[in-house]
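Numbering (the UniProt record's numbering), first residue to last: 1 to 357.
Here a beta-carbon is modelled for each residue, glycine too, at the ideal position from N, C-alpha and C.
These notes concern the structure reproduced below.
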Amino acid sequence: MTSELTSLSQHPFLTSVTAGLPGQVRASADGTLLTVSRAGAPDSRFSWTGGVLRPLDGIPDAADVLAVAEAVYATQPGLPVLRGEGPLGRALSEAGVVVASADGQGWEIPADLLWQQAGPWLSPRGQAAGCYPLLHTMTNGKRHPLRRPKIDGVLYERFIPWLNETISFRLIDVEQDAERLNRWMNDPRVAVIWEETGDLDVHRAYIETKLADPHMVPVIGCFDGQPFGYFEVYWAKENRIAPYYDAEDFDRGWHVLVGEDAYRGKARVSAWLPSLMHFMFLDDPRTQRIVGEPAASHSQQIRNLERSGFAKVKQFSFPHKRAMLVMLLRERFFGERLWAPQDDSLRAAAVTSVAAE
């Protein structure tokens, strides 16, 4: 296992854990020493020998433990559980990151607990907002929870090691994004699916309508800060999909538009699709299911969704299309580590595809 960490000596793992402070995790040439570096803070060192992580500088900052744990799991996707020894602060166990080892020797950081932490990926404002208090209200005859007001700016950020790029989702902005969305919506490849062609004023109004809708969170996806697509994240209980299945209060769904040709294909899907699902599950931990409604005839998209953990539930008919209801369970997403390609060949194909761009 140690040898697999040596890649971190040439290509450090980027992290933005806590308060949006960028940092990196790098390894020594033999992969036995891991160092977390963050602006404005002293380096934090960990040894990695025999598959066991050990802090070397006293009790480490919780953010540094999260960062090094993410880097280890990302570099070794087949690692059953990250085991460690040595002192840790109480904050990590209280937050549900660290648990005692079953054999009583040291501690463990289970992957599915780590990846349900907001700290490494959600914006500071998103973390501070937490779960919105539960109060039911009515909209157009539908009873549903009152939804949290939208948060401006970057909502989620994650380093994708097999692409060596960072993906982020930020709330759409009329002034910044209207021309871009107008160009995307008028692209024939997009128009045939979305059917939202029009001039700039039409799409400015479109954005304003989505921003004003409490059940919708419209976001722009970026790779290394470069916008590539538009996503609509919605609460299913108030959405048009609700009458077609037994929608729960915190089910979410999504629509996607990849506007830039350079960001189409398997390599990019392997990054943005699980990252978007991860964002939705982190944004409100009460979300147990994510649904989708691709066209029943869109076999390639449905295959992509099945590879990403979605199950086909049934076909049904919207007024405008025949659709396939698909569903992703929170338990499956985190239990099967679906935030990254599980097939080594898919991971290699993604890297090769991007290298050829």
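Residue environment, valine 192, which counts as buried when at least 16 other CB atoms sit within 10 Å = For the purposes of this step, residue 192 is taken as the residue at position 192 of the sequence shown. Valine 192 comes out exposed.
How about leucine 257 and tyrosine 230: are their beta carbons less than 8 angstroms apart?
-> Position 257 of the sequence shown, counted from the first residue, corresponds to residue 257. Position 230 of the sequence shown, counted from the first residue, corresponds to residue 230. Contact: yes.
What's the C-alpha gap between leucine 14 and alanine 62?
-> Locating residue 14 in the sequence shown gives position 14, where the first residue counts as 1. Locating residue 62 in the sequence shown gives position 62, where the first residue counts as 1. Their backbone Cα atoms lie some 17 angstroms apart in a straight line.
How about the segment 108-115 and the segment 62-72: do they share at least three Cβ pairs that are nearer than 8 angstroms?
-> yes
Do the CB positions of isoleucine 160 and leucine 181 come within less than 8 angstroms of each other?
-> Stepping through the sequence shown from its first residue, residue 160 is reached at position 160. Stepping through the sequence shown from its first residue, residue 181 is reached at position 181. No, Cβ-Cβ distance for isoleucine 160 and leucine 181 is not below 8 angstroms.
So, is phenylalanine 46 buried or exposed, given that buried needs 16 or more other C-beta atoms within 10 angstroms?
-> Here residue 46 refers to the residue found at position 46 when the sequence shown is read from its first residue. When all chains shown are included, phenylalanine 46 counts as buried.
Confirm, please, whether the CB-CB distance from threonine 166 to methionine 185 is below 8 angstroms.
-> Stepping through the sequence shown from its first residue, residue 185 is reached at position 185. Stepping through the sequence shown from its first residue, residue 166 is reached at position 166. Their beta carbons are not under 8 angstroms apart, which means methionine 185 does not touch threonine 166 by this criterion.
Can you give me the Cβ contacts of valine 81 inside the same chain, cut-off strictly under 8 angstroms, excluding the 5 residues immediately before and after it?
-> On the sequence shown, position 81 is the one that residue 81 refers to. Glu108, Ile109, Pro110, Ala111.
Is DSSP giving glutamate 157 helix, strand or coil here?
-> For this step, residue 157 is matched to residue 157 along the sequence shown. Strand at glutamate 157.
Beta-carbon spacing of leucine 86, arginine 54 below 8 angstroms = On the sequence shown, residue 86 is found 86 positions in, with the first residue counted as 1. On the sequence shown, residue 54 is found 54 positions in, with the first residue counted as 1. The amino acid at residue 86 is misidentified as leucine; the sequence shows glycine. Yes, they are a contact pair.
Give a yes or no on whether the C-beta atoms belonging to lysine 237 and lysine 314 are separated by under 8 angstroms.
-> Reading the sequence shown from its first residue, position 237 is the one you call residue 237. Reading the sequence shown from its first residue, position 314 is the one you call residue 314. Taking 8 angstroms as the Cβ cut-off, lysine 237 and lysine 314 do not qualify as a contacting pair.
Isoleucine 290 by DSSP, collapsed to three states: which one?
-> Against the sequence shown, residue 290 aligns to sequence position 290. Of the three classes helix, strand and coil, the one that applies to isoleucine 290 here is strand, per DSSP.
Go through the segment 150-201 residue by residue and report every complete run of the alpha helix (DSSP H) that reaches 4 residues or more, in order.
-> 174-185, 188-194
Measure how close the beta-carbons of serine 123 and valine 154 come, nearest whole angstrom, since I'm counting them as under 8 angstroms.
-> What you label residue 123 is simply residue 123 of the sequence shown in a count that begins at 1. What you label residue 154 is simply residue 154 of the sequence shown in a count that begins at 1. Correct: roughly 5 angstroms between the Cβ atoms.
Could you give the C-beta distance for alanine 129 and isoleucine 151, rounded to a whole number, given that I count them as a contact under 8 angstroms?
-> Here residue 129 refers to the residue found at position 129 when the sequence shown is read from its first residue. Here residue 151 refers to the residue found at position 151 when the sequence shown is read from its first residue. Yes, alanine 129 and isoleucine 151 are in contact; Cβ-Cβ is about 7 angstroms, under 8 angstroms.
Would you mind giving the Cβ-Cβ distance between asparagine 239 and glycine 253, rounded to the nearest angstrom? I have them listed as a contact below 8 angstroms.
-> Along the sequence shown, read from residue 1 onward, the residue named residue 239 stands at position 239. Along the sequence shown, read from residue 1 onward, the residue named residue 253 stands at position 253. With a Cβ gap of about 6 angstroms, asparagine 239 and glycine 253 count as contacting.
Closest to glycine 104 by CA distance: which of Leu56, Arg83, Gln288 is it?
-> Looking up residue 104 in the sequence shown gives position 104. Nearest C-alpha to glycine 104: Arg83.
Can you round the beta-carbon distance between arginine 330 and phenylalanine 279 to whole angstroms, since I take them to be within the 8 angstroms contact cut?
-> As a working mapping, residue 330 is identified with position 330 in the sequence shown. As a working mapping, residue 279 is identified with position 279 in the sequence shown. The Cβ separation is near 13 angstroms, so there is no contact.
Indicate the three-state DSSP secondary structure (helix, strand or coil) for lysine 321 in the structure shown.
-> The residue given as residue 321 occupies position 321 in the sequence shown. In the structure shown, lysine 321 sits in coil (DSSP, three-state: anything other than H, G, I, E or B).
State yes or no: is the C-beta of leucine 8 within less than 8 angstroms of the C-beta of valine 25?
-> For the purposes of this step, residue 8 is taken as the residue at position 8 of the sequence shown. For the purposes of this step, residue 25 is taken as the residue at position 25 of the sequence shown. Yes, the Cβ-Cβ distance between leucine 8 and valine 25 is below 8 angstroms.
Can you have a look at arginine 322 and say buried or exposed, based on whether 16 or more other CB atoms are within 10 angstroms of its CB?
-> Indexing the sequence shown from 1 puts residue 322 at position 322. Looking at its Cβ environment, which holds fewer than 16 other Cβ atoms inside 10 Å, arginine 322 is exposed.
Keeping to the same chain, check which residues put their C-beta closer than 7 angstroms to that of aspartate 249; ignore five residues upstream and five downstream.
-> Position 249 of the sequence shown, counted from the first residue, corresponds to residue 249. Closer than 7 angstroms at Cβ, skipping near neighbours: His144, Pro145, Lys237.
Assuming leucine 5 and alanine 27 make a contact with CB atoms under 8 angstroms, what is their CB distance in whole Å?
-> Here residue 5 is taken as the residue at index 5 of the sequence shown, counted from 1. Here residue 27 is taken as the residue at index 27 of the sequence shown, counted from 1. Between alanine 27 and leucine 5 the Cβ distance is about 5 angstroms, and since that is below 8 angstroms, they are a contact.
Nearest to phenylalanine 334 by CA position, among Arg289, Arg264, Asp246, Ala95, is which residue?
-> On the sequence shown, position 334 is the one that residue 334 refers to. Among Arg289, Arg264, Asp246, Ala95, the Cα nearest to that of phenylalanine 334 belongs to Arg289.
Buried versus exposed call for phenylalanine 318 [16 or more other C-beta atoms within 10 Å across all chains shown] = To locate residue 318, count along the sequence shown from 1; it is residue 318. Flag for phenylalanine 318 reads exposed.
Cβ neighbour criterion (16 or more within 10 Å) applied to methionine 138 = Translated into positions along the sequence shown, residue 138 becomes position 138. Classification of methionine 138: exposed, given that the 10 Å Cβ count is below 16.
Sequence-distant residues of its chain with Cβ nearer than 6 angstroms to glycine 64 (five each side left out) | Taking the sequence shown and counting its residues from 1, the one referred to as residue 64 is at position 64. Correcting the residue type first, residue 64 is aspartate in the shown sequence and not glycine. Counting only Cβ-Cβ distances below 6 angstroms, and skipping sequence neighbours, we find Val36, Ser44.
Roughly how many angstroms separate the alpha carbons of proline 149 and asparagine 164, rounded to a whole number?
-> Within the sequence shown, the letter at position 149 stands for residue 149. Within the sequence shown, the letter at position 164 stands for residue 164. Distance between the alpha carbons of proline 149 and asparagine 164 is about 33 angstroms.
Can you say whether proline 274 is buried or exposed, counting buried as having 16 or more other CB atoms within 10 angstroms of its CB?
-> As a position in the sequence shown, residue 274 is number 274, starting the count at 1. Label assigned to proline 274: buried.
Go through the segment 232-261 residue by residue and report every complete run of the beta strand (DSSP E) that reaches 3 residues or more, in order.
-> 252-258
Put valine 97 into one of helix, strand or coil per three-state DSSP.
-> Looking up residue 97 in the sequence shown gives position 97. In the structure shown, valine 97 sits in coil (DSSP, three-state: anything other than H, G, I, E or B).
Can you name the start and end residues of the beta strand (DSSP E) that glycine 221 belongs to?
-> The residue labelled residue 221 in the question sits at position 221 within the sequence shown. Start and end: 216-223.
Any idea what DSSP makes of isoleucine 59, helix, strand or coil?
-> Numbered from 1 along the sequence shown, position 59 holds the residue referred to as residue 59. Residue state, collapsed to three classes: coil.
Does DSSP classify threonine 75 as helix, strand or coil?
-> On the sequence shown, residue 75 is found 75 positions in, with the first residue counted as 1. Reduced to three states, the DSSP call for threonine 75 is helix.
Compute the distance between the beta-carbons of proline 294 and valine 326, then report whether it is under 8 angstroms.
-> Residue mapping note: residue 294 aligns to position 294 of the sequence shown, counting from 1. Residue mapping note: residue 326 aligns to position 326 of the sequence shown, counting from 1. Yes.
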